[in-house]
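Asks: These protein sequence lines map, in sequence, to chains A and B. Under our numbering, think of the first position of the first sequence as 1, with each following residue one higher. Under our numbering, think of the first position of the second sequence as 113, with each following residue one higher. Beta carbons: idealized from backbone N, C-alpha and C, even for Gly.
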Amino acid sequence: DAGITQSPRHKVTETGTPVTLRCHQTENHRYMYWYRQDPGHGLRLIHYSYGVKDTDKGEVSDGYSVSRSKTEDFLLTLESATSSQTSVYFCAIKGQGTDTQYFGPGTRLTVL
Amino acid sequence: AQSVSQHNHHVILSEAASLELGCNYSYGGTVNLFWYVQYPGQHLQLLLKYFSGDPLVKGIKGFEAEFIKSKFSFNLRKPSVQWSDTAEYFCAVKDGSGNTGKLIFGQGTTLQVKP
Chain A
1 DAGITQSPRH
11 KVTETGTPVT
21 LRCHQTENHR
31 YMYWYRQDPG
41 HGLRLIHYSY
51 GVKDTDKGEV
61 SDGYSVSRSK
71 TEDFLLTLES
81 ATSSQTSVYF
91 CAIKGQGTDT
101 QYFGPGTRLT
111 VL
Chain B
113 AQSVSQHNHH
123 VILSEAASLE
133 LGCNYSYGGT
143 VNLFWYVQYP
153 GQHLQLLLKY
163 FSGDPLVKGI
173 KGFEAEFIKS
183 KFSFNLRKPS
193 VQWSDTAEYF
203 CAVKDGSGNT
213 GKLIFGQGTT
223 LQVKP
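1) Since B/Gly141 meets chain A, which of its residues come closer than 7 Å, beta carbon to beta carbon?
2) Determine which residues share a DSSP beta bridge with A/Arg30 and list them.
3) For a contact meaning CB atoms closer than 7 Å, what does B/Gln219 contact in chain A?
4) Roughly how many angstroms lie between the CA atoms of B/Ser192 and A/Pro39, to the nearest whole one?
5) Three or more beta-carbon pairs under 8 Å between the segment 86–94 of chain A and the segment 186–203 of chain B, yes or no?
6) Does any CB atom of chain B fall closer than 8 Å to the CB of A/Lys53?
7) Return the chain-ordered ranges of every beta strand (DSSP E) run that is complete within the segment 148–199 of chain B and spans a minimum of 3 residues.
8) Quick one: is A/Tyr101 near chain B, going by C-beta distance under 8 Å?
9) Please classify A/Gln96: does DSSP put it in a helix, a strand, or coil?
10) Whose Cβ in chain B lies nearer than 7 Å to the Cβ of A/Gly106?
11) Taking CB distances under 8 Å as the criterion, tell me whether A/Lys57 reaches chain B.
12) Interface residues of chain B around A/Leu112 at Cβ under 8 Å?
13) Enumerate in chain order the residues of its own chain whose CB-to-CB distance from B/Ser115 is below 8 Å, with the five nearest sequence positions on each side excluded.
14) In terms of residue numbering, what span does the beta strand (DSSP E) encompassing A/Thr86 cover?
15) Is there at least one Cβ from chain B nearer than 8 Å to A/Gly94's Cβ?
16) I want to know whether the segment 119–126 of chain B touches the segment 217–225 of chain B - three or more CB-CB distances under 8 Å.
17) Touch check for the segment 35–49 of chain A and the segment 1–13 of chain A: three-plus C-beta pairs under 8 Å?
18) Quick check on A/Thr55: buried or exposed, where buried means 16 or more other Cβ atoms within 10 Å of its Cβ?
19) When you compare the CB positions of A/Thr15 and A/Ser83, do they come within less than 8 Å of one another, or not?
20) Below 8 Å on the Cβ atoms is my contact criterion, and I expect A/Cys23 with A/Phe74 to pass it. Report the Cβ-Cβ distance as a whole number of Å.
21) On the CB-based measure, 16 or more other CB atoms within 10 Å of its CB, does B/Asp200 come out buried or exposed?
22) Could you spell out where the beta strand (DSSP E) holding A/Arg9 opens and where it closes?
23) Going by CA-CA distance only, name the one from A/Thr71, A/Gly63, A/Trp34 and A/Gly58 that's closest to A/Gln101.
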């Protein structure tokens with residue numbers, strides 16, 4: 001257990017509304033990641049962070065933004081949710097001195 | 113860019129059968145390779161990893177994987193599966209040689225073990 005929590009765990013929202021997902025870690029890890037998981041696609045990287053206020057885009061960043069104002073929190077925002085963003089979202093951290101990533105419990109987001 | 117391919121999308125086995133799940137990555141050089149497992153309704157957990165050294169890597173729950181550099185492969189094996197191994201399995205490779213730690217995941221293989 002890498003001390004990662006995600007909130008909310010489940011959310012249903014409507015098309016066009018903004019949504020923010022939170023990832024919280026308790027072990028001061030520098031690197032944090034947001035993935036989405038979809039059937040047939042595995043996990044795809046949305047954005048990642050390599051420090052406070054340091055973020056970069058991943059493979060599927062369109063329609064998403066992130067912020068990291070504190071080491072422990074990494075926020076993922078859907079500015080205007082669309083049905084194609086219905087997915088399970090996982091946050092991960094990279095362990096110190098290793099490339100191994102450890103995952104949070106996930107957030108299931110449904111956009112109607 | 114690096115990519116990962118898992119050939120088996122859905123595998124159905126009976127208990128005690130042997131398992132081998134294929135994983136291939138697109139280009140060589142130094143690679144860090146991983147297998148993760150996701151049990152129903154749970155998050156991803158690390159099964160095993162290869163960074164260097166012995167190409168036969170042993171992980172948790174009796175799983176092992178063999179890194180074959182010439183074949184760009186990192187196949188997952190288990191001699192005798194159990195019903196509790198029913199899960200989705202993901203192969204992943206570190207993207208590039210930098211420090212970002214970004215991983216590229218395969219599409220996943222769903223394993224169903226019949227009791």
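Replies: Reading off the structure:
1) Chain A residues near B/Gly141: none, gap ~14 Å exceeds 7 Å.
2) In the DSSP output, where bridge partners are listed per residue, A/Arg30 has none listed.
3) By Cβ distance, chain A contributes Gly40, His41 and Gly42.
4) A direct Cα-to-Cα measurement between B/Ser192 and A/Pro39 gives close to 27 Å.
5) By the Cβ rule, the segment 86–94 of chain A does not count as touching the segment 186–203 of chain B, because fewer than three pairs are nearer than 8 Å.
6) Chain B contact via Cβ: absent.
7) Counting whole runs of 3 or more residues, the segment 148–199 of chain B contains the beta strand (DSSP E) stretches 157–162, 168–170, 176–180 and 185–190.
8) Checking the displayed sequence, the identity of residue 101 of chain A turns out to be Gln instead of Tyr. Closer than 8 Å: yes.
9) Coil, per DSSP.
10) Correct list: His155.
11) No, no contact with chain B.
12) Within 8 Å Cβ-Cβ: nothing; A/Leu112 doesn't reach chain B, min ~22 Å.
13) When the five nearest sequence neighbours on each side are left out, the beta carbons in the same chain lying within less than 8 Å of the beta carbon of B/Ser115 are those of Tyr137, Ser138 and Ile216, in order along the chain.
14) For A/Thr86, there is no enclosing beta strand (DSSP E), as DSSP marks it with neither H nor E.
15) Note on residue identity: the sequence assigns Lys, not Gly, to residue 94 of chain A. Taking 8 Å as the CB threshold, A/Lys94 lines the interface with chain B.
16) Below 8 Å, enough C-beta pairs join the segment 119–126 of chain B and the segment 217–225 of chain B to call them touching: three or more.
17) Fewer than three beta-carbon pairs drawn from the segment 35–49 of chain A and the segment 1–13 of chain A are found closer than 8 Å, and the two stretches are therefore not classed as touching.
18) A/Thr55 comes out buried.
19) At a Cβ-Cβ threshold of 8 Å, A/Thr15 and A/Ser83 count as neighbours.
20) Between A/Phe74 and A/Cys23 the Cβ distance is about 4 Å, and since that is below 8 Å, they are a contact.
21) Strictly speaking, residue 200 of chain B in this sequence is Glu, with Asp absent from that position. The residue is buried, with at least 16 neighbouring Cβ atoms inside 10 Å.
22) First-last for A/Arg9: undefined, no H or E at that position.
23) Nearest C-alpha to A/Gln101: A/Trp34.
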